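J.:
Numbering (the UniProt record's numbering), first residue to last: 1 to 714.
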């Protein structure tokens, strides 16, 4: 039966259609590429429709009566029998020769591994989900992860450096060894580096220590102003200062590192007209040396801020523009020692309750006064660097042009062991594991998997964002998910994740199938989820998440997760203390066990997305998410709608702003989501007559929208 189907397919389509490939049809110029095939019955119908006489009169040749009707019925019958006999003989010869050719020339159906022996059909279809889970757990090994960690660890691999390029070549070599198709994506991006002389901080006219750290994309200028301590620099921290009638205008704000990104801290201060921001690691949050410098960036966005919305390809001319997320004020990191020298001498009132819980030596944590003058000099230089993103692909066997991406940052300012080395090692190990399952165990993913190694991640996911900007039109149509491997391990006693609501259900089911690295008798879900798994595990996807540009810029369902610690201090990301020894200490020497668990989470999520017939994306989850957001907006609007002051009532928000319209939209949108979900749950034989209309539940979709001619209407 398969042979007959293939033969028929070859006759009409030119090649078998057992799998959907990339479109191989050539777009020829002109109309010559259009070939129309018609059966004899179609030709007869066409002749009858056009009229024989009309056809003949279109030519200048004289008309000769046909002699066919002068022949006897026996002669006609003989002609027909002879033609049929020749056709049958020809078909049998062709069929038998085709069978012998198929037996002698067997080629692998896999479009990726050309050099790999073909997989037997019996093995391909005997793999069920339990088999895939067992294979993944068996083939993903701590020995291979440990080997990768040793090979990819590097003391210097800043974006665009020779160390970064050497790592890129190693990763591409690994992908090629696995039999994957590989390519690179080259960009010329603008980044900040320290100038020939260090940035400086002066307190009351005296230089404070040595400033080795820096914040990329800070405003390049020298400013001065009175010192002001603002806790973590959150919006609520600045509101508390305003409630105490503290003037923020023109102040040099000192804030602790942590809780939100450097860029958000600087943006909050700049919005209130502060003159500069100094960020320091407080010992209550960080267990690092007093002279350890912090590195980071303050671009409130992702990608190259000097080509916003455009890919940074070489020699590509775009209108000169800058990202609106670039700060207008200078920002600089200082060490614990520098912060102690400044904070211990500040005057003014004592800070608010909870703000003085820091551990700087001999420090009262005062807010500062007008005599505490600070000068900040930022002398970074803007340079252009060439970076490379590295890709390896495993092509699917059905929906080849539909793919998910697994990505990991490759670069780092210092050793970057937890920041980039762990993620890169897992990326390579997952690629090896999946290709091994395909080569040796008969696994055939329905959709494609792209493994991506990004550069310039330290500057705000620059490599990933430039790739998105360059190929956004195609990615929006074909890419259905992104999973990040960045910073997956920084502790051991908690599990946190940020994801699109579409992936919540898949993540929860995956957590129930993976053993906890803390207690092997429990699953991740049992260990960390508690009674309300979303409240215990899920967190908002912030600017610091490497999956952020995929989720927000491209709208691609994305997942980022991490093992962290709540019982010990924050991991020293962005410092020279991000080393293998420190990571082992922060994980209680369970780094390899945690890495394997993280690999299993990503592996199972990936296998589900490329193996199942229907994508495991739950649209209905958006209903609860939208309800929650609308509820928050409603409470904020109602709380600020009217303000009472001195016996008078003022409308802080125009009373024309009616929240009821938003509530109505929310209800209708939720109805549409459920309608879409009901359509998706119906099998391929779905009929629009089976689904209720979201406009009028008494009617079907067909009755509501089809009209008298459903094809014309729909």
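Glycine residues also receive a C-beta, built at the ideal position from the N, C-alpha and C atoms.
Bear in mind the structure is a predicted one, so any value in this text is a computation, not a measurement.
Applying the 10 Å Cβ sphere with the 16-neighbour rule, what's the burial state of residue 545?
T.: The residue is buried, with at least 16 neighbouring Cβ atoms inside 10 Å.
J.: Three-state secondary structure (DSSP) at residue 365?
T.: Taken through DSSP and simplified to helix, strand or coil, residue 365 comes out as coil.
J.: Measuring straight from C-alpha to C-alpha, what distance separates residue 708 and residue 700?
T.: One alpha carbon belongs to residue 708, the other to residue 700, and they sit about 14 Å apart.
J.: Smallest Cα separation from residue 241: which of 353, 565, 621, 483?
T.: Selected option, being the one with the closest Cα: 353.
J.: By a C-beta neighbour count over all protein chains shown, 10 Å radius and 16 as the cutoff for buried, is residue 466 buried or exposed?
T.: buried
J.: Which residue or residues does DSSP assign as beta-bridge partners of residue 183?
T.: 391
J.: Counting pairs of Cβ atoms below 8 Å between the region 314-326 and the region 343-362, do you hit three or more?
T.: no
J.: Is the Cβ-Cβ distance between residue 706 and residue 459 less than 7 Å?
T.: no
J.: Quick check: the region 373-385 against the region 400-416, are at least 3 beta-carbon pairs closer than 8 Å?
T.: no
J.: Please identify the residue among 478, 191, 154, 300 whose C-alpha is closest to the C-alpha of residue 727.
T.: What is shown of the chain runs 1 to 714, which leaves residue 727 out entirely.
J.: Rounded to the nearest angstrom, what separates residue 424 and residue 488 at their Cα positions?
T.: Each residue's alpha carbon lies about 11 Å from the other.
J.: Which class does residue 611 belong to by DSSP, given the choice of helix, strand or coil?
T.: helix
J.: Comparing C-alpha positions only, which one of 239, 601, 414, 586 sits nearest to residue 156?
T.: Nearest option by C-alpha distance: 414.
J.: Return helix, strand or coil for residue 418, following the three-state DSSP convention.
T.: helix
J.: Assuming residue 528 is part of the alpha helix (DSSP H), what are its boundary residues?
T.: 524-528
J.: Below 8 Å CB to CB, which residues in the same chain sit around residue 51 once its five sequence neighbours on both sides are set aside?
T.: Since pLDDT at residue 51 reaches only 40, below the 50 mark, its modelled position is unreliable, and no value is offered.
J.: Taking its Cβ as the centre, do 16 or more other Cβ atoms sit within 10 Å of residue 454, making it buried, or is it exposed?
T.: Buried is the label assigned to residue 454, since at least 16 other Cβ atoms lie within 10 Å of its Cβ.
J.: Just checking my contact of residue 304 with residue 462 at CB under 8 Å: how many whole Å lie between their CB atoms?
T.: 6 Å
J.: Output the distance between the C-alpha atoms of residue 133 and residue 621, rounded to the nearest integer angstrom.
T.: Answer to the nearest angstrom: the Cα atoms are 26 Å apart.
J.: On a Cα-Cα basis, can you pick out the residue from 408, 427, 438, 629 that is closest to residue 719?
T.: This structure cannot speak to residue 719, because the chain is shown only from 1 to 714.
J.: Since residue 214 sits in a beta bridge, which residues does DSSP pair it with?
T.: According to DSSP, residue pairing for residue 214 in a beta bridge involves 295.
J.: Among the candidates 524, 539, 378, whose CA atom is the shortest distance from the CA of residue 197?
T.: 378
J.: Determine the extent of the alpha helix (DSSP H) in which residue 323 is found, giving its start and end residues.
T.: That residue, residue 323, is in no alpha helix (DSSP H); it is neither H nor E in DSSP.
J.: Hey, residue 300 and residue 269: beta-carbon distance below 7 Å or not?
T.: no
J.: Helix, strand or coil: which one does DSSP assign to residue 478?
T.: helix
J.: Could you pull out every unbroken beta strand (DSSP E) segment of at least 3 residues lying fully inside the region 238-272, listed in chain order?
T.: 252-256
J.: With DSSP collapsed to three states, give me the class of residue 351.
T.: coil
J.: Is residue 215 close to the ligand FAD? I mean its beta-carbon at under 6 Å from any heavy atom of the ligand.
T.: This structure lacks the ligand FAD; in fact it carries no ligand of any kind.
J.: By Cβ distance, which residues of its chain are closer than 6 Å to residue 536, with the 5 residues on each side in sequence left out?
T.: 529, 530
J.: Would you say residue 560 and residue 484 are within 7 Å of each other, going by their C-beta atoms?
T.: yes
J.: Residues in the same chain with beta-carbon distance under 6 Å from residue 235, minus the five sequence neighbours each way, listed in chain order, please.
T.: The beta carbon of residue 235 lies closer than 6 Å to those of 268 in the same chain, with the five residues before and after it left out.
J.: Thinking C-beta only, is residue 294 closer than 7 Å to residue 213?
T.: Residue 213 is a Cβ neighbour of residue 294, given a cutoff of 7 Å.
J.: To which residues does DSSP link residue 377 through a beta bridge?
T.: BP columns for residue 377 point to 200, 222.
J.: With residue 298 and residue 276 assumed to form a contact (beta carbons below 8 Å), what rounded beta-carbon distance in angstroms separates them?
T.: About 11 Å; that fails the 8 Å criterion.
J.: Have a look at residue 633 and residue 328 and give me their C-alpha separation to the nearest angstrom.
T.: 30 Å
J.: Determine the direct distance from the alpha carbon of residue 186 to that of residue 476, and round the result to whole angstroms.
T.: About 21 Å.
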